[in-house]
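A.B. asks: Protein chains in written order, with our numbering: chain A, 4 to 190; chain B, 561 to 1344. Every residue, glycine too, gets a C-beta built ideally from N, C-alpha and C. Keep in mind the model is a prediction, meaning the values are calculated, not measured. Provided herewith is a single structure, encoded as structure tokens, for subsequent inquiry.
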Ligand SMILES: Cc1cc2nc3c(=O)[nH]c(=O)nc-3n(C[C@H](O)[C@H](O)[C@H](O)COP(=O)(O)OP(=O)(O)OC[C@H]3O[C@@H](n4cnc5c(N)ncnc54)[C@H](O)[C@@H]3O)c2cc1C
Ligand code: SF4
Ligand code: SF4
Ligand code: SF4
Ligand code: SF4
């Protein structure tokens, strides 16, 4: 990964202010970079930037890197970081705050795609289906074809059930989602 | 002990007030804009124009020599004979101004300060200039009216008891006691069975690595042998009576079962004891004497029989004694926070210890023969030091403050590990390496040279493994990579907090603590070892974590301050005491007084001014309103209230000196509250009765708050009754009244309360005026 120097132009103060104004933003400036969040995070090794680095980047307003990082999508919302942060910052909440901003900014990397597919599957079926998830995601992400032999061998070993599990009343579920979206629009 | 009975040195002189004919000088300070940017001082001054006996003067910095000279000149030329100053808090400059007034020949009591900075320009919306100016106009008008009505009093002087109680036998207390003993008598008490505090449990001491016990023992022995110091171990403060300069303190002594004056350390007892209950704490302990752990003793009496000196008494009980002292130095030090709240660190577990436990293993108190060892008795080849455990934590679970010494002592401990076994590994996990003391950065550099491993990152997890090893997980923040290591031992550096019992002592002595729980200094920078009680001082870690060097420096300073205080021989006590104007001999006041300061002599109440604290409980207690507190009489308070409320309606807050200090701290921290709030300083809220509160309502107060900060239970247990009585007797005004107890450290609670109450009072006032209007229009309708 090429690392750009941080120069005045890399910093987007409007973005910084936008995040600082959200409920989770209140304490962001008090991060002392202790790293207990990243040290506690079960998936930080998979992230482009660790939770600690993400907080630092928000402080600086490095909008492009923050919003296109995989960090916010990889977070499992396990809350370990939030429970342990000595400054009472909630990195988990920060991830949740940044996701809709990334979508609104039109960021489309594979993490966004996966997230969209995942939520679509849930919206229509009420349950996660590994088969649907993988097949739909593969359509948006051509690179997945490389995983085909692996998927087939899993199927052979019955580790990837083809059946799609659905909840009983998906109609009600649809209403719930619609209401949710409406209330978000209102906000 | 009471050979030093305090006596009244001078009686107060009385001059009569000549209301209306006083020449009052009002001096307003711009404070470089700190005040003038928000308060229109010209308008405040113009507001007093009508009053012929008032002159107004506005200065840039009143506390400067130019400012002071102006006032001094005016006094000396006879232009003014009473002074009201509108400036920063009286806590900062009242003494300065009053000594200037005294030099100019004015009774210092005839100069008062109205706080328009910490309690006005700093705490209200900067845009609300009209509101803040209107408030300042009222406050100053009220202050001038008050000044016109008060009488010149002289403080009472009483002689001091020339003896000091030092609480805590750590290095700070030892130093204070030794330094004082040159010229004063000292009683040094320590709750443990031996002196030395934490220092006696240290191995080597940074930054020079000299052995702790070697440098400390001579000092402890010096205390023990000093004829002017009575050293009492296993002793704590049980009760405090009296007043500054003259305290009667009850001490409580726990039994040791061995008379330290008789025991000669022969050890004959230990050999005979079947349960190992009798022991010497450790070889270098001062006092050098055996003691019994009663939880182990079977009461067989074997030791009693064998002791050649007859020193053992198994029947010894807890005892108390009464001492009389003029000054107190608090040196109760620190203790580690209980780390079990940090679940992910799994303390306590085998081989996870605190830095204090690590030190003790290598100190005079060692139980392992000064060998560093794991739970299984072997040497730990890989040791991790985890800094900031529970420190720098703003979540409310740990402590906010930095514990200051951990950065350096952990490097000392790491060096010791390497020294004991060169091929061993020592890792230090830190957030920031703070080494800003003389010789400390060199110490850091030296530790690096020794091959100690530094990792920048707060440890996330410590997991005990089945074989007694420990897995430490962290992020190396310099690389942005997560890491895991296996160690044989993990040393946690805990947040250092004030020792248990310090708050109780402080409360008994009327000394406020900061919101971090350490004793509050009189002034953070300029009076670092004084407290707000002029006869109580503090030194060492009870004022915040620090190293031995700084603890000793404070011990020396505290001794100097105590000596300066005692050297005056007398203590001035405020002259604002009750005066009995009329008495029918009912004795209600005598019953009410919590300090036994009133007696009935020949059918009339008689005050003994030395015992009186000026609490004012007797004022509302007198059924014929025959008692007044000098310079806080009902009429004087009313005159002030009338002035304050002449400008605009507002919320009147009667506030005692302890809570007043909280309001000042709120000001320094720029905590905002409504500009409708008007603080009226009273020596105690208990002087108030319905007369005064009703007057406040009549002059236009939209609400009345009583705020008390004193922690003396003799008063606070009566506050609820006071409040209920006032509420009942002022009900006709249908306006809100409230009481709240707020200690000096709770300034945030104070500003929250002020805001909530101001809006409540405002809402109520609006409702009332709407109702009134409706009533009027109803009447008009009826009439038409
Ligand atoms: C692990 C560790 C290592 C350290 N290493 C170093 C070092 O190498 N060099 C250095 O300069 N500093 C070091 N320090 C700091 C040093 O320990 C302190 O500066 C010093 O002990 C402070 O002395 P003190 O008298 O203020 O407090 P303390 O040592 O805590 O003494 C207070 C005393 O008061 C007694 N007491 C408490 N409450 C009461 C009560 N209610 N009534 C009566 N008595 C009471 C206690 O029993 C105790 O004896 C270290 C600190 C720690 C935690
Ligand atoms: S735990 Fe909190 S303070 Fe520490 S680096 Fe993470 S966000 Fe910052
Ligand atoms: S909540 Fe997210 S960022 Fe925080 S520790 Fe868990 S996975 Fe990591
Ligand atoms: S001294 Fe060092 S280790 Fe201790 S709390 Fe402060 S920064 Fe943390
Ligand atoms: S002011 Fe207080 S201490 Fe003094 S006599 Fe009255 S009740 Fe007693």
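1) Within the 7 Å Cβ cut-off, does residue 210 (chain A) reach chain B?
2) Who are the near neighbours of residue 964 (chain B) in its chain, counting only those whose CB is closer than 7 Å to its CB and skipping five residues on each side?
3) Using a 10 Å radius around the Cβ and a threshold of 16 neighbouring Cβ atoms, would you call residue 148 (chain A) buried or exposed?
4) What does residue 615 (chain B) pair with, by DSSP beta-bridge criteria?
5) Regarding residue 84 (chain A) and ligand 3, is the C-beta to nearest heavy atom distance less than 6 Å?
6) Taking 6 Å as the cut-off, is the beta-carbon of residue 46 (chain A) closer than that to any non-hydrogen atom of ligand 2?
7) Counting contacts by CB-CB distance shorter than 7 Å, is residue 89 (chain A) in contact with chain B?
8) Among the residues of its own chain, which have a CB less than 6 Å from the CB of residue 960 (chain B), if the five just before and after it don't count?
9) Tell me the residue span of the alpha helix (DSSP H) that contains residue 968 (chain B).
10) Which same chain residues, not among the five before or five after residue 1233 (chain B), have their C-beta less than 8 Å away from its C-beta?
11) So, helix, strand or coil for residue 682 (chain B), using DSSP?
12) Beta carbon of residue 100 (chain A): closer than 6 Å to some heavy atom of ligand 3?
13) Three-state secondary structure (DSSP) at residue 1315 (chain B)?
14) Since residue 802 (chain B) sits in a beta bridge, which residues does DSSP pair it with?
15) Let me know if residue 942 (chain B) comes out buried or exposed under the rule of 16 or more other beta-carbons within 10 Å of its beta-carbon.
16) Which bits of chain A does residue 1037 (chain B) rub up against, with CB to CB less than 8 Å?
17) Straight-line CA distance for residue 1161 (chain B) to residue 1148 (chain B)?
18) How about residue 47 (chain A): is its C-beta nearer than 7 Å to some C-beta of chain B?
19) Less than 6 Å separating the Cβ of residue 36 (chain A) from some heavy atom of ligand 2?
20) Along the beta strand (DSSP E) that carries residue 1268 (chain B), what are the first and last residues, could you check?
21) How many Å lie between residue 1191 (chain B) and residue 18 (chain A) at the Cα?
22) Can you find a C-beta in chain D that's less than 7 Å from the C-beta of residue 912 (chain B)?
23) Using only the alpha-carbon positions, how far apart do residue 975 (chain B) and residue 1267 (chain B) sit?
24) Going by beta carbon distance, what residues of the same chain come within less than 6 Å of residue 751 (chain B), once the five residues before and after it are set aside?
25) Which residues of the segment 947-966 of chain B have a Cβ closer than 7 Å to any Cβ of chain A? Give them in chain order.
26) Flag residue 723 (chain B) as yes when its Cβ comes closer than 6 Å to any non-hydrogen atom of ligand 2, and as no otherwise.
27) Mind checking which residues open and close the beta strand (DSSP E) that includes residue 84 (chain A)?
28) Give me whichever residues DSSP pairs with residue 745 (chain B) in a beta bridge.
29) Taking the runs of the alpha helix (DSSP H) that are 4 residues or longer, which of them lie wholly in the segment 1117-1159 of chain B?
30) Please report the residue range of the beta strand (DSSP E) in which residue 1052 (chain B) lies.
31) Can you find a CB in chain A that lies within less than 7 Å of the CB of residue 1033 (chain B)?
32) How would you label residue 624 (chain B), buried or exposed, when you count the other beta carbons within 10 angstroms and need 16 or more for buried?
33) Let me check understanding here. Comparing Cα to Cα, which of B:1170, B:1038, B:1103 lies closest to residue 1135 (chain B)?
34) Is residue 626 (chain B) near ligand 1, with its Cβ less than 6 Å from a heavy atom?
35) Could you pull the start and end residues of the beta strand (DSSP E) that residue 1238 (chain B) belongs to?
36) Ignore the nearest five residues each way along the sequence and tell me which others in residue 1108 (chain B)'s own chain have a CB closer than 7 Å to its CB.
C.D. replies: The answer reads as follows:
1) Since the first residue shown for chain A is 4 and the last is 190, residue 210 (chain A) is missing from the structure and cannot be characterised.
2) On the second chain, residue 964 (chain B) is found 404 positions in, with the first residue counted as 1. Counting only Cβ-Cβ distances below 7 Å, and skipping sequence neighbours, we find 1105, 1106.
3) In the first chain, the residue the question calls residue 148 (chain A) occupies position 145. The residue is exposed, with fewer than 16 neighbouring Cβ atoms inside 10 Å.
4) As a working mapping, residue 615 (chain B) is identified with position 55 in the second chain. Looking at the DSSP assignment, residue 615 (chain B) forms a beta bridge with B:585.
5) In the first chain, residue 84 (chain A) corresponds to position 81, counting from 1. The answer is yes for residue 84 (chain A).
6) Taking the first chain and counting its residues from 1, the one referred to as residue 46 (chain A) is at position 43. No, Cβ of residue 46 (chain A) sits at least 6 Å from all heavy atoms of ligand 2.
7) Here residue 89 (chain A) refers to the residue found at position 86 of the first chain. Residue 89 (chain A) counts as touching chain B.
8) For the purposes of this step, residue 960 (chain B) is taken as the residue at position 400 of the second chain. Counting only Cβ-Cβ distances below 6 Å, and skipping sequence neighbours, we find 954.
9) As a first step, residue 968 (chain B) is located in the second chain; it is residue number 408 there, counting from the start. Taken as a continuous stretch (DSSP letters only), the alpha helix (DSSP H) holding residue 968 (chain B) covers 966-980.
10) As a first step, residue 1233 (chain B) must be located in the second chain, where it is residue number 673. Closer than 8 Å at the Cβ level, and outside the excluded window around residue 1233 (chain B), lie 683, 684, 1226, 1311, 1314, 1315, 1318.
11) The residue you call residue 682 (chain B) lines up with position 122 of the second chain. The answer is coil: DSSP assigns residue 682 (chain B) none of H, G, I, E or B.
12) Mapped onto the first chain, residue 100 (chain A) falls at position 97. No, the beta carbon of residue 100 (chain A) sits no closer than 6 Å to any heavy atom of ligand 3.
13) Counting from 1 along the second chain, the entry for residue 1315 (chain B) is found at position 755. Helix at residue 1315 (chain B).
14) Here the question's residue 802 (chain B) lines up with position 242 in the second chain. Per DSSP, B:807.
15) Counting from 1 along the second chain, the entry for residue 942 (chain B) is found at position 382. The residue is buried, with at least 16 neighbouring Cβ atoms inside 10 Å.
16) Here residue 1037 (chain B) is taken as the residue at index 477 of the second chain, counted from 1. 36, 37, 38, 41, 55, listed in chain order.
17) As a first step, residue 1161 (chain B) must be located in the second chain, where it is residue number 601. As a first step, residue 1148 (chain B) must be located in the second chain, where it is residue number 588. Cα-Cα distance, rounded: 14 Å.
18) Numbered from 1 along the first chain, position 44 holds the residue referred to as residue 47 (chain A). For residue 47 (chain A), the answer is yes, since a Cβ of chain B falls inside 7 Å of its Cβ.
19) Along the first chain, one-based indexing puts residue 36 (chain A) at 33. Result yes, Cβ under 6 Å from ligand 2.
20) Position 708 of the second chain, counted from the first residue, corresponds to residue 1268 (chain B). Taken as a continuous stretch (DSSP letters only), the beta strand (DSSP E) holding residue 1268 (chain B) covers 1261-1268.
21) Counted from its first residue, the second chain places residue 1191 (chain B) at position 631. Counted from its first residue, the first chain places residue 18 (chain A) at position 15. Approximately 60 Å, taken between the alpha carbons.
22) Looking at the structure shown, chain D is missing, and the protein chains on hand are A and B.
23) Sequence index remark: in the second chain, residue 975 (chain B) carries index 415 (1-based). Sequence index remark: in the second chain, residue 1267 (chain B) carries index 707 (1-based). When rounded, the distance between both Cα atoms is 54 Å.
24) Taking the first residue of the second chain as position 1, residue 751 (chain B) is located at position 191. Cβ neighbours of residue 751 (chain B) beyond the five flanking positions: 796.
25) 952, 953, 954, 955, 958
26) On the second chain, residue 723 (chain B) is found 163 positions in, with the first residue counted as 1. No, the Cβ of residue 723 (chain B) stays beyond 6 Å of every heavy atom of ligand 2.
27) As a working mapping, residue 84 (chain A) is identified with position 81 in the first chain. Residue 84 (chain A) -> not in any beta strand (DSSP E); alpha helix (DSSP H) instead, spanning 83-87.
28) If you number the second chain from 1, residue 745 (chain B) lands on position 185. Its beta-bridge partners are B:723.
29) 1148-1152
30) As a working mapping, residue 1052 (chain B) is identified with position 492 in the second chain. Unbroken beta strand (DSSP E) run through residue 1052 (chain B): 1049-1054.
31) In the second chain, counting from the first residue as 1, residue 1033 (chain B) sits at position 473. Yes, because at least one Cβ of chain A sits closer than 7 Å to the Cβ of residue 1033 (chain B).
32) Here the question's residue 624 (chain B) lines up with position 64 in the second chain. So residue 624 (chain B) ends up on the exposed side.
33) The residue given as residue 1135 (chain B) occupies position 575 in the second chain. Ranking B:1170, B:1038, B:1103 by Cα distance to residue 1135 (chain B) puts B:1170 first.
34) Taking the second chain and counting its residues from 1, one reaches residue 626 (chain B) at position 66. Residue 626 (chain B) Cβ: outside cutoff for every heavy atom of ligand 1.
35) Residue mapping note: residue 1238 (chain B) aligns to position 678 of the second chain, counting from 1. Counting along the chain, the beta strand (DSSP E) containing residue 1238 (chain B) begins and ends at 1237-1241.
36) Translated into positions along the second chain, residue 1108 (chain B) becomes position 548. These residues qualify, in order along the chain: 731, 759, 765.
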